[in-house]
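**Q** Below: one structure in structure tokens.
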Amino acid sequence: MNDTSSEARGSDPEESAAVPERDSRVAEFARGWARVVLGTSYVPMGRPELWDFLEERTERLLRALAADSFDSGNVNELAADLVRVHLVDPLALRRTLELLGSRLPGLARELGVVHGDTAERMNELLASFGEGFAAAAKRRVLADQDLVQRAVRDARDGAEEALRASEARFRAVFDSSALGIAIVGLDGLIQDVNDSMGVIFRTTGSELLGKDVLELCDAEYGDALREKEDELVAEVSEQFMVDVRYTAPDETLVWTQVSGALVRDGNGAPEYQVLLYAEVTERHLLYERLTLQASTDPLTGLANRTRLGNRMEEALSPVPTGRRVGICYFDLDGFKTINDSLGHPIGDELLLAVARRMEAVAERWGALAARMGGDEFVLLVPDTAGPPDMVPLVERTLEEVRRPVRIGNHELKASASAGVVEQPVAGTDAERLLREADITLYRAKEEGKAQWVLYDAERNSAARRRFELSATMPAALDNNEFFVEYHPVRSLDDDHVVAVHAEPRWDHPDLGELAPERFVELAENTGMITRLSDWLLRQVCDHARGWLRGLGERAPVVAVDLSGRYFRDPDLVNDFRSILADSGVTADRLRLGVPEDALFDEVGDPVDTVDIVREFGAGLAVRDFGTRYTDIRRLRELPVTSVHIAGEYLARIAEWPESDPLDEHLADSVINAARLLGMSVVAGGVDTRGQAERLREKGVHAVRGRHAGEPFSAGEVEQVLADSLEGSG
Numbered sequence: 011m012n013d014t015s016s017e018a019r020g021s022d023p024e025e026s027a028a029v030p031e032r033d034s035r036v037a038e039f040a041r042g043w044a045r046v047v048l049g050t051s052y053v054p055m056g057r058p059e060l061w062d063f064l065e066e067r068t069e070r071l072l073r074a075l076a077a078d079s080f081d082s083g084n085v086n087e088l089a090a091d092l093v094r095v096h097l098v099d100p101l102a103l104r105r106t107l108e109l110l111g112s113r114l115p116g117l118a119r120e121l122g123v124v125h126g127d128t129a130e131r132m133n134e135l136l137a138s139f140g141e142g143f144a145a146a147a148k149r150r151v152l153a154d155q156d157l158v159q160r161a162v163r164d165a166r167d168g169a170e171e172a173l174r175a176s177e178a179r180f181r182a183v184f185d186s187s188a189l190g191i192a193i194v195g196l197d198g199l200i201q202d203v204n205d206s207m208g209v210i211f212r213t214t215g216s217e218l219l220g221k222d223v224l225e226l227c228d229a230e231y232g233d234a235l236r237e238k239e240d241e242l243v244a245e246v247s248e249q250f251m252v253d254v255r256y257t258a259p260d261e262t263l264v265w266t267q268v269s270g271a272l273v274r275d276g277n278g279a280p281e282y283q284v285l286l287y288a289e290v291t292e293r294h295l296l297y298e299r300l301t302l303q304a305s306t307d308p309l310t311g312l313a314n315r316t317r318l319g320n321r322m323e324e325a326l327s328p329v330p331t332g333r334r335v336g337i338c339y340f341d342l343d344g345f346k347t348i349n350d351s352l353g354h355p356i357g358d359e360l361l362l363a364v365a366r367r368m369e370a371v372a373e374r375w376g377a378l379a380a381r382m383g384g385d386e387f388v389l390l391v392p393d394t395a396g397p398p399d400m401v402p403l404v405e406r407t408l409e410e411v412r413r414p415v416r417i418g419n420h421e422l423k424a425s426a427s428a429g430v431v432e433q434p435v436a437g438t439d440a441e442r443l444l445r446e447a448d449i450t451l452y453r454a455k456e457e458g459k460a461q462w463v464l465y466d467a468e469r470n471s472a473a474r475r476r477f478e479l480s481a482t483m484p485a486a487l488d489n490n491e492f493f494v495e496y497h498p499v500r501s502l503d504d505d506h507v508v509a510v511h512a513e514p515r516w517d518h519p520d521l522g523e524l525a526p527e528r529f530v531e532l533a534e535n536t537g538m539i540t541r542l543s544d545w546l547l548r549q550v551c552d553h554a555r556g557w558l559r560g561l562g563e564r565a566p567v568v569a570v571d572l573s574g575r576y577f578r579d580p581d582l583v584n585d586f587r588s589i590l591a592d593s594g595v596t597a598d599r600l601r602l603g604v605p606e607d608a609l610f611d612e613v614g615d616p617v618d619t620v621d622i623v624r625e626f627g628a629g630l631a632v633r634d635f636g637t638r639y640t641d642i643r644r645l646r647e648l649p650v651t652s653v654h655i656a657g658e659y660l661a662r663i664a665e666w667p668e669s670d671p672l673d674e675h676l677a678d679s680v681i682n683a684a685r686l687l688g689m690s691v692v693a694g695g696v697d698t699r700g701q702a703e704r705l706r707e708k709g710v711h712a713v714r715g716r717h718a719g720e721p722f723s724a725g726e727v728e729q730v731l732a733d734s735l736e737g738s739g
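And the structure:
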């Protein structure tokens with residue numbers, strides 16, 4: 011049986027093999043921790059007890075790394091525990107943070123407790139640990155200082171009979187204390203100092219006598235110290251503590267923690283002050299480094315969201331009045347393709363190169379460059395003079411991004427799109443400013459990429475309404491607000507309904523019934539298209555199952571349009587197989603409409619999904635055939651059975667000879683190409699008999715649109731088929 015008691019684990023390092031693997035790894039880490047901090051501070055516990063103490067803290071740190079949400083208070087308390095066991099030396103903190111930063115992520119990975127974004131979580135953990143240690147150390151120093159101050163007061167205010175003994179005790183404390191001690195008059199002038207004061211301030215004690223205590227701090231900290239002193243002398247407060255910075259004669263920055271107490275005479279009247287100085291330079295520098303680390307993007311070294319938020323709050327201060335602010339939101343075009351084709355290391359190098367260029371531009375304009383995550387960047391410009399002020403900045407930045415980047419054997423050319431917002435500070439806030447810039451960036455992407463767009467309130471409002479619509483789409487699916495509408499596909503040979511075309515519609519509670527044009531593109535852009543397409547296929551298969559039960563072989567084939575993004579989704583095959591299995595419908599009852607460019611990968615080869623879906627038995631149709639201006643000869647090698655054509659040129663075709671010759675030519679070229687490929691042709695948007703007849707003459711096999719019939723629900727299919735047979739008879 012494994013012995014996991016404290017005595018068993020602590021008696022010998024070799025006995026760690028007797029505990030389970032996880033305990034063994036954690037115990038090994040804790041003992042390494044103990045080795046790096048022992049010797050930096052006096053620890054009033056034995057080595058085995060220290061091992062157990064640090065092992066328990068290691069477990070808590072691992073839980074903090076793996077938690078869904080980060081609890082800074084818990085990590086603060088962990089750091090404070092080190093101070094409680096006298097690990098108070100700054101060197102102990104430095105060695106601890108170096109150990110945690112270098113080895114804790116590896117231990118977490120070995121034990122399988124890694125959080126999604128380990129680097130960001132480690133930044134938060136180290137910052138919180140340093141903050142907790144600093145706060146606990148500050149409380150400890152205050153307690154120690156309080157003891158010294160009591161000794162000083164007791165010694166100086168003792169009875170006359172014990173004056174010599176008290177003076178001796180006071181002088182012993184005064185001379186030997188590592189804390190700097192200054193006896194300061196009520197006027198703020200230094201009357202006496204111990205040797206530690208000279209060490210702290212890089213001078214001699216005699217040089218400090220007669221100085222005003224405000225000379226022992228830089229000017230920007232003088233007001234805070236003077237305010238604390240005045241309150242003490244006026245007996246508003248009993249004591250104070252404040253951190254101040256001092257620039258020594260050799261330009262060294264010295265941080266001190268100053269605490270003060272008032273000494274009274276025999277009548278209780280204020281007589282002088284005792285100020286204690288503890289040098290905390292190491293702690294401040296470490297805290298600044300941790301703060302910078304927690305507010306810096308680990309890949310690029312730019313500001314992260316945290317620092318950007320802080321700087322935005324400063325830039326949005328309403329004082330002085332009339333201030334303006336500008337922000338440029340950038341997104342690299344086609345970065346995912348680089349990542350997928352060349353690998354993430356190359357992608358990271360490209361991001362780093364772009365970040366350096368953006369930072370160089372930002373410095374020249376007095377702006378802050380920040381990485382928002384992924385391939386998105388922001389330039390924040392405080393105190394702008396108006397929208398024209400932003401034009402040179404954004405154009406220069408885009409120009410820098412477009413310069414080729416050589417990474418190894420690759421010469422990469424990147425481009426970016428940008429949304430630019432410049433407006434008065436009054437009436438805005440950080441969240442709104444970023445949201446408007448993000449929406450403006452979205453408009454730039456919509457309008458062709460590799461360009462910038464300036465904020466336009468009216469157009470952003472329209473885009474925002476679209477975003478709001480997309481945000482409600484997941485809940486709308488859960489609440490069954492979507493339904494399927496079917497459009498008949500009518501043969502031009504015998505006028506029968508030979509298939510039905512499925513189309514999703516949204517019964518929006520506020521906006522009424524929405525056609526696919528209102529939400530399908532939104533679903534595509536936001537990634538909801540996968541879930542929406544799964545839902546549509548399941549609905550169609552469930553309806554087809556009911557039709558087969560009621561109509562047998564007379565049940566119609568169903569055409570379903572799939573977006574290019576969904577068709578290339580790696581989970582499509584498994585999802586499609588699952589949908590067919592759940593419904594019991596065979597794939598030959600379906601015709602899947604796919605955009606032409608979705609059938610081929612980046613180098614022009616057919617995607618694997620084409621053959622796999624075809625093996626299931628589903629028919630494949632090319633949507634919007636002839637509009638992509640690609641080499642349609644490539645379609646010969648694919649198992650495609652039909653093409654769907656649509657467009658303004660078809661809608662304009664009327665009874666011959668009144669059609670526009672160009673429209674006639676376009677129709678002829680597309681239809682003839684499909685016929686040469688041996689595919690049937692279905693035309694959409696056919697509204698009149700004249701259009702239908704003209705298209706039949708050209709070789710179109712079937713049509714949909716108002717000429718083919720009005721849309722109907724799943725429950726009306728039998729009546730539609732019956733009417734079709736009756737009408738043709």
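For the sequence shown, position 514 (counting from the first letter as 1) is numbered 524 according to the numbering used here, and the numbering increases by one without interruption.
Note that beta-carbon positions come from the ideal geometry of N, C-alpha and C, so glycine has one too.
Since we're looking at a predicted model, the values are computed, not measured.
1) With Val620 as the anchor, note down where its alpha helix (DSSP H) starts and where it stops.
2) Give me the Cβ distance between Glu134 and Phe80, rounded to the nearest whole Å; I'm assuming they're in contact under 8 Å.
3) Among Thr301, Lys346, Met382 and Leu390, which one has its Cα closest to the Cα of Arg334?
4) Under the three-state reduction of DSSP, which class applies to Ala144: helix, strand or coil?
5) Can you give me the start and stop residues for the alpha helix (DSSP H) that Ala656 sits inside?
6) Taking 6 Å as the cut-off, is the C-beta of Asn349 nearer than that to any heavy atom in the ligand FAD?
7) Going along the chain, which residues of its own chain have a beta-carbon closer than 7 Å to the beta-carbon of Arg236, five neighbours each way excluded?
8) At the level of alpha carbons, what is the spacing between His506 and Leu731?
9) Quick check: what's the CA-CA separation for Ala684 versus Val570?
10) Per the DSSP calculation, Thr306 is bridged to which residue(s)?
11) What are the uninterrupted segments assigned as beta strand (DSSP E) that are 3 or more residues long and contained completely in the region 460-488, given in chain order?
12) Return helix, strand or coil for Pro580, following the three-state DSSP convention.
13) Can you list the alpha helix (DSSP H) stretches of 4 or more residues lying completely in the region 72-134, in chain order?
14) Quick one: grab the DSSP three-state call for Ile663.
15) Can you find the residues in the same chain that come closer than 6 Å, C-beta to C-beta, to Leu547, ignoring five residues on each side of it along the sequence?
16) For my contact list, Val430 and Val404 are in at a C-beta cut-off of 8 Å; report their separation, rounded to the angstrom.
17) Quick check on Ala338: does DSSP put it in helix, strand or coil?
18) Which one or two residues does DSSP pair with Glu495 in a beta bridge?
19) If we count the other Cβ atoms within 10 Å of its Cβ and call it buried at 16 or more, is Lys423 buried or exposed?
20) Inspect the CB distances between the region 702-711 and the region 474-491 and report whether three or more fall short of 8 Å.
21) Taking Asp621 as the reference, give the member of Phe577, Val568, Ile663 and Ala313 with the closest Cα.
22) Do Leu285 and Val194 have their beta-carbon atoms positioned less than 7 Å apart in this structure?
23) What is the DSSP secondary structure of Leu360, counted as helix, strand or coil?
24) By DSSP, does His675 sit in helix, in strand, or in coil?
25) One question on the structure: do Val550 and Val568 come within less than 7 Å of each other, judged by their Cβ atoms?
26) Below 7 Å CB to CB, which residues in the same chain sit around Pro721 once its five sequence neighbours on both sides are set aside?
27) How would you label Gly694, buried or exposed, when you count the other beta carbons within 10 angstroms and need 16 or more for buried?
28) Shortest alpha-carbon distance to Trp43 belongs to which of Phe63, Asp552, Arg413 and Met55?
29) Please state the DSSP three-state secondary structure of Asp571.
30) Kindly indicate which residue of Glu658, Val696 and Val653 has the alpha-carbon position closest to the one of Asn682.
31) Quick one: give me the first and last residue of the beta strand (DSSP E) that Leu524 is part of.
32) How long is the line joining the alpha carbons of Gly629 and Val530, rounded to whole angstroms?
33) With a CB to CB cut of under 8 Å and the five nearest residues on each side skipped, what residues in its chain are close to Thr619?
34) Pairing CB atoms from the region 68-75 with CB atoms from the region 129-145, are three or more of them under 8 Å?
35) Below 7 Å CB to CB, which residues in the same chain sit around Arg113 once its five sequence neighbours on both sides are set aside?
36) Check this for me: beta carbons of Gly142 and Asn86, under 7 Å apart or not?
**A** Looking at the coordinates:
1) Asp618 to Phe626
2) 5 Å
3) Leu390
4) helix
5) Element bounds for Ala656: n/a, residue is neither H nor E.
6) Among the components modelled here there is no ligand, and therefore nothing to report on the ligand FAD.
7) Leu224
8) 8 Å
9) 20 Å
10) Ala313
11) 462-464
12) coil
13) 82-94 and 100-121
14) coil
15) Ile589
16) 5 Å
17) Note that residue 338 corresponds to Cys in the displayed sequence, not to Ala. Three-state result, Cys338: strand.
18) Glu513
19) exposed
20) no
21) Phe577
22) yes
23) helix
24) helix
25) yes
26) Glu495, Tyr496 and His497
27) buried
28) Phe63
29) strand
30) Val653
31) Gly522 to Leu524
32) 22 Å
33) Phe577, Arg578, Leu582 and Val583
34) yes
35) Phe39
36) yes
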